[in-house]
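Enquirer: Chains as they are written, first to last, in full-length UniProt numbering: chain A, 1 to 353; chain B, 1 to 353; chain C, 1 to 353; chain D, 1 to 353. Note that beta-carbon positions come from the ideal geometry of N, C-alpha and C, so glycine has one too. Supplied in structure tokens, the structure appears directly below.
Protein chains: 4
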Amino acid sequence: MTQQPVRFGLIGTGRIGQVHAASIAAAPDATLSWVADPFIDGARSVAERFGGTATASAEELIASGEIDAVLVASPTPTHVDLIEASVRAGLPVLCEKPIDLDIQRVDALRPLIAELGIPVALGFNRRFDPDFASARARVAAGEIGALEQLIIISRDPAAPPADYVKISGGIFRDMTIHDFDMARFFVDDIVEVHATGTRAFDPGAREHGDFDTAVTTLRAASGAVVTIVNSRHSAIGYDQRIEAFGGQGMLQVANAPTSLVSLSTAQAVEAKPAYGEFFLERYAEAYSAELREFVKLVRGEASTSPTFEDGRAALVLADAAQRSATEGVAVAVDLGSSDLAAPDLAANRTAGA
Amino acid sequence: MTQQPVRFGLIGTGRIGQVHAASIAAAPDATLSWVADPFIDGARSVAERFGGTATASAEELIASGEIDAVLVASPTPTHVDLIEASVRAGLPVLCEKPIDLDIQRVDALRPLIAELGIPVALGFNRRFDPDFASARARVAAGEIGALEQLIIISRDPAAPPADYVKISGGIFRDMTIHDFDMARFFVDDIVEVHATGTRAFDPGAREHGDFDTAVTTLRAASGAVVTIVNSRHSAIGYDQRIEAFGGQGMLQVANAPTSLVSLSTAQAVEAKPAYGEFFLERYAEAYSAELREFVKLVRGEASTSPTFEDGRAALVLADAAQRSATEGVAVAVDLGSSDLAAPDLAANRTAGA
Amino acid sequence: MTQQPVRFGLIGTGRIGQVHAASIAAAPDATLSWVADPFIDGARSVAERFGGTATASAEELIASGEIDAVLVASPTPTHVDLIEASVRAGLPVLCEKPIDLDIQRVDALRPLIAELGIPVALGFNRRFDPDFASARARVAAGEIGALEQLIIISRDPAAPPADYVKISGGIFRDMTIHDFDMARFFVDDIVEVHATGTRAFDPGAREHGDFDTAVTTLRAASGAVVTIVNSRHSAIGYDQRIEAFGGQGMLQVANAPTSLVSLSTAQAVEAKPAYGEFFLERYAEAYSAELREFVKLVRGEASTSPTFEDGRAALVLADAAQRSATEGVAVAVDLGSSDLAAPDLAANRTAGA
Amino acid sequence: MTQQPVRFGLIGTGRIGQVHAASIAAAPDATLSWVADPFIDGARSVAERFGGTATASAEELIASGEIDAVLVASPTPTHVDLIEASVRAGLPVLCEKPIDLDIQRVDALRPLIAELGIPVALGFNRRFDPDFASARARVAAGEIGALEQLIIISRDPAAPPADYVKISGGIFRDMTIHDFDMARFFVDDIVEVHATGTRAFDPGAREHGDFDTAVTTLRAASGAVVTIVNSRHSAIGYDQRIEAFGGQGMLQVANAPTSLVSLSTAQAVEAKPAYGEFFLERYAEAYSAELREFVKLVRGEASTSPTFEDGRAALVLADAAQRSATEGVAVAVDLGSSDLAAPDLAANRTAGA
């Protein structure tokens, strides 16, 4: 209450950087102190609207002595270096997903973070969506008994430009990575990954050897199975649904309605407007909640922020899915949550023979 | 119109046999002439209610000279022999699914059926469900553009007895086989199968090396992907839904409501009664429509009855799923619908590497 | 169980008469013995399909000595005489609504029925609709606390021909009469009626001084209020909904879906087919249940059949509504269910002054 | 764009006053300059949070010379005097509903407002709800053909304290007044009012001669009929729905869901959380939009703000409803929207005789 607001240094002022800038400005216990972007006009514009000193240099920001935490919203290839520089400077980091597209770079950074003990949080904003969070809490509270099947339907409104597909790391590392984290949010003992990817419609995916359509199955040691259904496009708009099926019932999270109005005519009844929003609107509340939890983390309070390890786990799953989809094999993963994972995997798979 | 009703010989008078007896009795262009069951009291009881001569001997029925077609509703191990005896007698057959649990027995029968040219229809009743049929027709009519993803959710109300699990042939051949046929009803160029099965709750499945929970992914040459989500139990009741996702929209088939009444209170709003029915009630209309189409087939009219080949294809998929789930590999299948299936499979899977 | 089936004499073989003939034929404890219609071809056709002796003379049917009960499905003006002839012959009657359009004729018949004690049931089939019956039973069971507001939305697919409007007795006696009975099914102490009628679209209504649009408010002694919203047309199809609002919640009966399929596109999501059915299809189950209850009544068993008195009460409400709509006043009614009705009416209306 | 923000004087700092203060502070083209409340601590608290000079005197605020417009959020009995003082000072007013409980005081003020021509807007916030506004726009655009029936369901979560009921002016002037304005938002030619009020549950209503349950029917010259269903309590939460029925279809506005999560179990399926919000949350967006339109009005731009005349019309309807409910008669009203209203009223009501 009488604590000083947490002073943020924001690195990156693109679309998502601006969302974070607004969240920081709106939060009562956070303030924007420095803003860095090599595109200095971007930094200046954000600083003018939301406060802080603008710079083209992330190093200057980190060395300013005027910030308590760093928010990394710059392009993915810069994440690892910026996280390292920040934690070496003793500054907690909230980094946009993914940590990196290369698990080796992530693993190289891992010991330093463990050694220094500086908090590094990952921007898995969907954990903070009130409805997903509610569904998960209700599953945890036992409302549907033991969780047996989780279906995540996650479709973007439209395929990205081919140039983006080229550098995206592929659908699993770029898009499904959010769903992998959501899977782990509900199910913490995943031991096996199988993925099927196809090119159903997008020339960009075809050109760059990526998939535009994917289904991923995750098996948990407990016997629970997660199914993730992805598409790079969706005529009805952003399609984000979850169905958690348990021994005693089912919890479903529907798409957010764009309107409360439905139309009935001789042609069709109860027709509602299509889902007009994309992630910035759909998860607006989630971005704010994400920041609040990170502020708690910076202050050493109990926090539900996903961590560097969560970011790494999602990438491990994405790599496994990529391999599975290209080689046609189920891929065992050890996310470190259970020593029993591998044996159970074998046992389960051969028992039916 | 002025044609004589088709005279049926019904073999098997268990639960499903009785359903068929009632359908035959109710159909204006069908009549029940003979009823066979080694459990002669069963045959007599059905004959009393719905007409016909009762016998303990299927052979006597086939040889009676008083029937135009055979309806096989006896236990699965008897199907192949009864089909063979019927077609050798020149009698068209409507046989309950599956043809057999052993693809080798099915393939051994295949040439004879092809040679004789006597119609053999399979009891994939769900194709005749008005809502699934409507969804499929609307997909075919292009309402959602090209079909890209099909999600089939298929959960039984409660796990069967352990004794049944033991002889069932496993979840894929016993339960998913209906969903495999539904997948082929929508998507005709399936080239690859991956399945994940687990034992989440059912002691019977654990005891007999079967799965109680399964997710199967089918890849089509076109790039479409089918996901089948199965569970041997469902607290909310029989759960039978389909979501067809295409480039221009989505068609969803909901569960059949048990009631039009919903309750809203301070605890919850719009709560509806659970789904109380199982397949005999849920698909009551489908059984009647199935019979109508078979009568057309017997009469040599245009008919949409699924055939022996459809029954075989579903079993091929089930075998592939069983192997995939136990060995952890994607399994290529050639259902004969496309010579290009195998090359495309390889091409698609390696392209992303 | 070992009782003989009830032998029915059916008078009238129009659309609704045929529905009843089919119900009788399908019921295990009923049989069609005689069929009368001055249009003798109609009688013969029904007798051929469902059994019984055909005649042009209702008198012959009643005097046949071969029937146990009479089902009156002839035109409204004949109802009173046929009921009288039947009960004088000692035959229980199930009569289609309304008893008559003229309350004086109804009241003239009333003493005879009371004196003879022969059961006379009215064809208020909606009471037997499984969903309305369920909602009412759940209200009675206290699921929503005391019932405070009942909203009945009742709209026909299309306005009737002007010739029919002319002889219909007006929208309240012809169409709303079903809703008046439904109101009494839920609320038994109605003491006041107010109705508003307009001519919004139908030339036939305008020509014959009838309304095509009406809202009726019924006040109960308990303080409950019923609102009936009627229209003679509905572009979306037959619209039959009920909302029961109580101190602790709300029960809603939705329209019967024509299909389980919904379509989502870029234009609209979750669009379902319009309601294609009219009363014969919508209330098919209700007609069967109505007959079953009447058979119990004939046999002297406990029965929920609505009675002659229920038919009279609905007509009293319809007359009150007609007067209210034309004179612009609330009309007090005494349906005989409470001696306190009138005083309470006055008390309630002046208390707010 | 380059205009100065409109400087507001806010009178009244209760719950609704605070909402307006926040709206003013958040609007880019409005600023809070003065805040008045005889309870000076309230004024100071609001001024501290949202800016402006605090005073106990509304007169001082109006005379300050530092404001461009007045927002009246003080108790109803003060409205007329504050409006008069403001417009005499040349200041446009946005006044919370109702103008007054006494139509004579309203009519006494009417000529002055007409003479001075200073804009006076009324706080009928629901017109600015995005969903109601969308439904109305779509009706106006002809999506459902000519509007024939409008059903407004409007129920508060819980009955107010008996002390409040005593001074409220009665349910029609206090609560239904919002619905009367909504009725006029959709239907502009209302000519007749009938209301039924009862005391179903609230001791406070009984004690003070008010109703807790009411149904009001409004007839339009066009033949359209509006039905307003009110209750002072609702176990499921704030219940605010609209159904607009036209010759070619129906538009429905549903309650705002509190959550996207639904629960299905063996007891019930698709159960959603109850509606937790009351008007401040439900209509949060509407309050902001209301302010935006008023700022346009102050600036002389085209504006959809409801006016003093709209406030008067709603009160005329409320008075008519109160009289109808107590005297049991339909009450003709002339809201000045049509010279033909009265004759048509007579014509319509007698035509059916």
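(1) Along chain A, which residues have their Cβ under 7 Å away from the Cβ of I236 (chain C)?
(2) Along chain A, which residues have their Cβ under 7 Å away from the Cβ of T217 (chain B)?
(3) Under the DSSP definition of a beta bridge, which residues are partnered with N230 (chain A)?
(4) Examine chain A for any beta-carbon lying closer than 8 Å to the beta-carbon of A274 (chain C), and answer yes or no.
(5) In whole angstroms, what is the alpha-carbon distance linking R241 (chain A) and V187 (chain C)?
(6) Determine the chain B residues that contact E143 (chain C) at a beta-carbon separation under 7 Å, and present them in chain order.
(7) G246 (chain B) to V226 (chain B), Cα distance in whole Å?
(8) Chain C partners of V329 (chain D), CB-CB under 8 Å?
(9) Who does K272 (chain C) pair with in a DSSP beta bridge?
(10) By the 10 Å Cβ neighbour count, where 16 or more other Cβ atoms means buried, how is I167 (chain B) classified, buried or exposed?
(11) Going by the beta-carbon positions, is the gap between D210 (chain A) and F201 (chain A) smaller than 8 Å?
(12) Measuring only between beta-carbons, confirm whether V93 (chain A) sits less than 8 Å from chain D.
(13) Would A318 (chain B) and A214 (chain B) be called neighbours here (beta carbons separated by less than 8 Å)?
(14) Which stretch, first to last residue, makes up the alpha helix (DSSP H) that contains L32 (chain A)?
(15) If I measure Cβ to Cβ from P5 (chain D) and keep anything under 6 Å in the same chain, skipping five residues before and after, which residues do I get?
(16) So is A302 (chain B) buried or exposed if we call it buried at 16+ other beta carbons inside 10 Å?
(17) Measuring only between beta-carbons, confirm whether M175 (chain B) sits less than 8 Å from chain C.
(18) Identify the contact partners of S45 (chain B) in chain C, using a Cβ-Cβ distance below 7 Å as the criterion.
(19) Tell me the residue span of the alpha helix (DSSP H) that contains A284 (chain D).
(20) Within the continuous alpha helix (DSSP H) that includes V106 (chain C), where are the two ends?
(21) Please identify the residue among C:V72, C:A69, C:A26 and C:K97 whose C-alpha is closest to the C-alpha of G51 (chain C).
(22) For chain D, check one thing: does any of its Cβ atoms lie closer than 8 Å to the Cβ of D224 (chain C)?
(23) With DSSP as the reference, identify every bridge partner of residue 429 (chain C), one or two as the case may be.
(24) Beta-carbon separation of E293 (chain B) and A224 (chain B) under 8 Å?
(25) Excluding five sequence neighbours on each side, which residues of the same chain lie with their C-beta closer than 7 Å to the C-beta of G169 (chain B)?
(26) How is the alpha helix (DSSP H) around A321 (chain B) delimited, first residue to last?
(27) Have a look at G145 (chain A) and S234 (chain B) and give me their C-alpha separation to the nearest angstrom.
(28) Using the rule of at least 16 other Cβ atoms within 10 Å of the residue's Cβ for burial, across every protein chain shown, is R126 (chain A) buried or exposed?
(29) If I'm right that S74 (chain B) touches I24 (chain B) with Cβ under 8 Å, what's the distance once you round it to whole angstroms?
(30) Looking only at C-alpha atoms, which of B:R199, B:G237 and B:L150 sits nearest to R282 (chain B)?
(31) For a contact meaning CB atoms closer than 7 Å, what does L251 (chain A) contact in chain D?
(32) Spatial neighbours of E96 (chain D) within its chain, please: CB distance less than 7 Å, with the 5 preceding and 5 following residues excluded, ordered by chain position.
(33) Would you say D334 (chain B) faces chain A, with C-beta separation under 8 Å as the test?
(34) Rounded to a whole number of angstroms, what is the C-alpha to C-alpha distance between A220 (chain B) and F172 (chain B)?
(35) Does the CB of T258 (chain A) have a neighbour CB from chain B at under 8 Å?
(36) Kindly list, in the order they appear in chain D, the residues whose Cβ is closer than 7 Å to that of Q104 (chain C).
Expert: This is what the structure holds:
(1) Contact annotation for I236 (chain C) against chain A: S264, T265, A266 and V269 [CB-CB distance below 7 Å, chain order].
(2) Within chain A, the residues near T217 (chain B) are T196, V215 and T217.
(3) A:S154 and A:A214.
(4) Interface criterion met: the Cβ of A274 (chain C) is under 8 Å from a Cβ in chain A.
(5) When only Cα atoms are considered, R241 (chain A) and V187 (chain C) end up about 42 Å apart.
(6) Chain B residues near E143 (chain C): L263.
(7) Their backbone Cα atoms lie some 12 Å apart in a straight line.
(8) By Cβ distance, chain C contributes G328, V329 and A330.
(9) BP columns for K272 (chain C) point to A:V269.
(10) Counting Cβ neighbours within 10 Å, I167 (chain B) comes out exposed, since fewer than 16 surround it.
(11) In this structure, the beta-carbon distance from D210 (chain A) to F201 (chain A) does not fall below 8 Å.
(12) Cβ-Cβ to chain D under 8 Å: no for V93 (chain A).
(13) In this structure, A214 (chain B) does not lie closer than 8 Å to A318 (chain B) by Cβ.
(14) First-last for L32 (chain A): A30 to A36, but that is the beta strand (DSSP E), not the alpha helix (DSSP H).
(15) Excluding sequence neighbours, P5 (chain D) sits near D29, A30 and T31.
(16) Classification for A302 (chain B): exposed.
(17) Taking 8 Å as the CB threshold, M175 (chain B) stays off the interface with chain C.
(18) Going along chain C, no residue has its Cβ under 7 Å from S45 (chain B), so there is no contact; the nearest lies around 17 Å.
(19) Counting along the chain, A284 (chain D) sits inside the alpha helix (DSSP H) bounded by residues A284 to V298.
(20) It spans I103 to L116 - the alpha helix (DSSP H) in which V106 (chain C) sits, taken as one unbroken run.
(21) Nearest C-alpha to G51 (chain C) among C:V72, C:A69, C:A26 and C:K97: C:A26.
(22) Per the sequence presented here, residue 224 (chain C) reads as Ala, with Asp not at that position. Taking Cβ atoms only, chain D reaches closer than 8 Å to A224 (chain C), which makes this a yes.
(23) The structure shown does not extend to residue 429 (chain C), since chain C is modelled only from 1 to 353, so the question has no answer here.
(24) No, these two residues do not count as a Cβ contact at 8 Å.
(25) So the qualifying residues of the chain are L101.
(26) F308 to E327 is the extent of the alpha helix (DSSP H) around A321 (chain B).
(27) Their backbone Cα atoms lie some 11 Å apart in a straight line.
(28) Buried.
(29) The Cβ separation is near 16 Å, so there is no contact.
(30) The option with the nearest alpha carbon to R282 (chain B) is B:G237.
(31) Neighbours of L251 (chain A) across chain D, judged by C-beta separation under 7 Å: V261 and L263.
(32) Result list for E96 (chain D): I16, V72, A73 and G123, in chain order.
(33) For D334 (chain B), the answer is no, since every Cβ of chain A falls outside 8 Å of its Cβ.
(34) Note on geometry: alpha-carbon atoms of A220 (chain B) and F172 (chain B) lie some 19 Å from one another.
(35) For T258 (chain A), the answer is no, since every Cβ of chain B falls outside 8 Å of its Cβ.
(36) Those do not exist, as Q104 (chain C) stays about 18 Å from chain D at its closest Cβ, beyond 7 Å.
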